[in-house]
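Enquirer:
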Amino acid sequence: MRMKRFEAPSMTEALRRIREEFGPDAVILSARSLRRFPGAFGLSRTTRVEVTAAVDAAGWAAAPPAAPADLPEGEAGSGRRGLLPALQAHLRGLGSRGRPAAASGRAAACGETLHRAFVTGGVDPEIAERWVDRLAAAPEANESAPPARLQAAAAALLAELGFAEAKPPDAAPRRSAFVGQAGAGKTTLVAKLAAAEVLRQGRRLALLSLDDRRVCGAQELSAFAAALGVPFAAARSGPEAARVLQGWSEIDWVLIDTAGVAPDEEDRLRETLGLLAASGCTETHLVLPAGLRDADCRRVVGGFAPHGIRALAFTRLDETAFPGAVLNAAVAFGLPVSWIGTGRRIPEDLAEHPATWLVERLWPEEAFGRAGMPPRRAPEAASSWVANRNSELYHREGCPWARRIKAEHLLRFETAAAAEAAGYQPCRTCMAAGEAAAPEMAAVRPRCSVRL
Numbered sequence: 002m003r004m005k006r007f008e009a010p011s012m013t014e015a016l017r018r019i020r021e022e023f024g025p026d027a028v029i030l031s032a033r034s035l036r037r038f039p040g041a042f043g044l045s046r047t048t049r050v051e052v053t054a055a056v057d058a059a060g061w062a063a064a065p066p067a068a069p070a071d072l073p074e075g076e077a078g079s080g081r082r083g084l085l086p087a088l089q090a091h092l093r094g095l096g097s098r099g100r101p102a103a104a105s106g107r108a109a110a111c112g113e114t115l116h117r118a119f120v121t122g123g124v125d126p127e128i129a130e131r132w133v134d135r136l137a138a139a140p141e142a143n144e145s146a147p148p149a150r151l152q153a154a155a156a157a158l159l160a161e162l163g164f165a166e167a168k169p170p171d172a173a174p175r176r177s178a179f180v181g182q183a184g185a186g187k188t189t190l191v192a193k194l195a196a197a198e199v200l201r202q203g204r205r206l207a208l209l210s211l212d213d214r215r216v217c218g219a220q221e222l223s224a225f226a227a228a229l230g231v232p233f234a235a236a237r238s239g240p241e242a243a244r245v246l247q248g249w250s251e252i253d254w255v256l257i258d259t260a261g262v263a264p265d266e267e268d269r270l271r272e273t274l275g276l277l278a279a280s281g282c283t284e285t286h287l288v289l290p291a292g293l294r295d296a297d298c299r300r301v302v303g304g305f306a307p308h309g310i311r312a313l314a315f316t317r318l319d320e321t322a323f324p325g326a327v328l329n330a331a332v333a334f335g336l337p338v339s340w341i342g343t344g345r346r347i348p349e350d351l352a353e354h355p356a357t358w359l360v361e362r363l364w365p366e367e368a369f370g371r372a373g374m375p376p377r378r379a380p381e382a383a384s385s386w387v388a389n390r391n392s393e394l395y396h397r398e399g400c401p402w403a404r405r406i407k408a409e410h411l412l413r414f415e416t417a418a419a420a421e422a423a424g425y426q427p428c429r430t431c432m433a434a435g436e437a438a439a440p441e442m443a444a445v446r447p448r449c450s451v452r453l
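If you count the sequence shown from 1, you need to add 1 to reach this note's numbering.
#1: Taking DSSP as the reference, what is the three-state secondary structure of Gly94?
#2: With DSSP as the reference, label Leu259 as helix, strand or coil.
#3: Quick check on Ala9: does DSSP put it in helix, strand or coil?
#4: Quick one: residues in its chain with C-beta nearer than 8 Å to the C-beta of Thr53, no 5 flanking neighbours on either side, listed in chain order?
#5: Tell me whether the segment 311-330 and the segment 409-420 touch, counting them as touching only if at least three CB pairs, one residue from each stretch, are closer than 8 Å.
#6: What residue ranges within the segment 151-224 form continuous beta strand (DSSP E) runs of no fewer than 3 residues, ordered along the chain?
#7: Exposed or buried, which one is Pro324 when buried takes at least 16 other CB atoms within 10 Å?
#8: Could you pull out every residue in the same chain whose Cβ sits closer than 7 Å to the Cβ of Leu136, ignoring the five residues on either side in sequence?
#9: Tell me whether Glu51 sits in a helix, a strand or coil according to DSSP, three-state version.
#10: So what does DSSP say about Val327, is it helix, strand or coil?
#11: For a test of the three-state rule: what should DSSP assign to Glu284, helix, strand or coil?
#12: At which residues does the alpha helix (DSSP H) containing Leu363 begin and terminate?
#13: Rounded to whole angstroms, what is the Cα-Cα separation between Phe233 and Val255?
#14: Using DSSP bridges, identify the partner residues of Leu313.
#15: Since I believe Pro348 is in contact with Leu200 (beta carbons under 8 Å), could you give me their beta-carbon distance rounded to a whole number of angstroms?
#16: From the DSSP output, which residues share a beta bridge with Pro427?
#17: Check whether the segment 188-197 and the segment 240-247 touch, using three or more Cβ-Cβ pairs below 8 Å as the test.
#18: Quick check on the DSSP output: the alpha helix (DSSP H) that includes Arg413 runs from which residue to which?
#19: Hey, Phe179 and Ile252 are a contact pair by Cβ (cut 8 Å); roughly how many whole angstroms apart?
#20: Closest to Thr189 by CA distance: which of Pro307, Leu289 and Ile406 is it?
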């Protein structure tokens with residue numbers, strides 16, 4: 002077995018170099034992005050990719066590299082679509098770093114494609130690699146399995162990666178507090194949970210506000226409690242909160258909203274968490290907006306974690322193209338995830354099963370083809386490509402970034418070729434999802450064979 006790392010400015014270039022040196026039987030072992038900051042003070046940034054590939058030593062020495070070969074129309078550039086059967090062939094023998102088995106070029110490309118789909122969605126490359134390996138070895142992941150079963154298998158495997166869903170505590174009654182920075186979405190999350198519980202006609206519910214910093218913070222939650230017809234109270238001290246909760250001894254579940262506090266406000270943080278402890282809170286959830294960078298997420302969680310945080314809750318997942326950050330944070334800190342807010346609607350945009358939601362977002366059902374074959378591409382709709390006149394990128398209309406473009410800055414194109422002719426470059430999110438590999442793209446960009 003001959004192994005080598007290839008570094009290139011793009012995945013296309015890396016695959017080309019691997020094909021030239023190792024031939025069509027090369028196996029992709031791993032892939033990751035490299036961000037470097039050259040120049041004075043590191044002010045300029047470049048992004049490269051590093052791909053580790055291997056090939057059987059005997060076969061590599063005996064046969065010269067094969068010429069590039071395109072797959073039949075509909076397979077090349079299909080992204081994640083219909084990749085699972087070939088992924089199985091590629092990954093069955095890749096259980097360890099030694100990875101002794103070589104697979105076909107299509108199998109290798111499909112394994113790399115799924116890994117890249119996870120990484121593009123924000124999943125850490127090493128976590129994505131472990132996830133793909135475990136999925137390939139799962140007995141549920143076979144060619145005849147329906148997409149829903151494959152997604153369920155992928156969700157179940159998240160536990161092996163260190164991602165867990167928070168379970169309700171055994172203690173009753175339940176007193177759940179929500180803490181986090183200002184603007185994290187704590188009050189909206191409390192409102193969603195309360196509305197969902199009332200609609201289910203489940204447990205007896207009450208809302209408690211400890212927010213004494215935000216203007217009209219308590220009034221906002223009070224109005225919502227009145228609309229739902231559930232008890233509400235506001236408290237400014239631990240003893241006052243304890244008296245309120247004592248009077249609610251018959252209430253099954255109390256949701257406690259708190260004032261925003263930053264992790265570096267140590268005095269305020271201790272005050273808030275001390276107030277919760279004095280009030281008789283049974284569980285504390287740290288609320289994080291999904292748009293946080295990994296470094297900021299680590300800073301926030303690292304500041305709150307020593308103070309008895311039981312679980313993480315994420316909000317605004319509809320505003321990010323990188324939902325994998327949820328997985329990264331949970332694995333890095335070993336904290337379970339309780340809820341995920343996926344939009345502004347109350348209570349509809351609330352995911353109470355984070356693992357399932359995360360898999361469906363990173364690997365949607367439409368990414369699967371029937372019987373392992375790439376699905377037929379739907380006819381291209383008119384004006385399906387858009388761009389921001391103040392940006393350098395163009396997108397599919399369904400791209401998360403496209404929805405952020407203001408109307409006065411929106412440009413429309415009937416084809417990808419028209420967008421590129423106007424000087425725009427394809428969005429990486431669209432490319433990774435297989436969207437920008439539409440047939441018209443071949444006319445304006447070199448076609449990259451998925452076979453090595």
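No residue lacks a Cβ here, since even glycine has one placed at the ideal position from N, Cα and C.
Expert: With the structure as the only source:
#1: With a pLDDT of 42 at Gly94, under the threshold of 50, the modelled position of that residue is not reliable, and the figure given next carries that caveat. Gly94 carries a coil assignment under DSSP once its states are collapsed to helix, strand and coil.
#2: Here residue 259 turns out to be Thr, not Leu, going by the sequence shown. If DSSP states are grouped into helix, strand and coil, Thr259 belongs with the strands.
#3: Strand, per DSSP.
#4: So the qualifying residues of the chain are Met4, Lys5, Arg6, Phe7, Ile29, Leu30, Ser31 and Ala32.
#5: No, the segment 311-330 is not in contact with the segment 409-420.
#6: Look at the segment 151-224 and you find these whole runs of beta strand (DSSP E), each 3 residues long or longer: 175-180 and 206-211.
#7: Buried, because 16 or more other Cβ atoms sit within 10 Å of the Cβ of Pro324.
#8: Closer than 7 Å at the Cβ level, and outside the excluded window around Leu136, lie Ala142, Ala154, Ala155 and Leu158.
#9: Correct three-state label for Glu51: strand.
#10: Helix.
#11: Glu284 falls in the strand class under three-state DSSP.
#12: Unbroken alpha helix (DSSP H) run through Leu363: Pro355 to Leu363.
#13: If you draw a straight line from the Cα of Phe233 to the Cα of Val255, it comes to about 9 Å.
#14: Per DSSP, Leu287 and Val338.
#15: Between Leu200 and Pro348 a beta carbon distance of about 7 Å is seen, short of the 8 Å cut, so the two are scored as contacting.
#16: Its beta-bridge partners are Tyr395.
#17: Note that the segment 188-197 does not touch the segment 240-247; fewer than 3 beta-carbon pairs, one per stretch, sit closer than 8 Å.
#18: Counting along the chain, Arg413 falls outside any alpha helix (DSSP H), though it belongs to the beta strand (DSSP E) covering Leu411 to Phe414.
#19: Wrong, their Cβ atoms sit about 17 Å apart, outside the cutoff.
#20: Taking only the C-alpha atoms, the option nearest Thr189 is Leu289.
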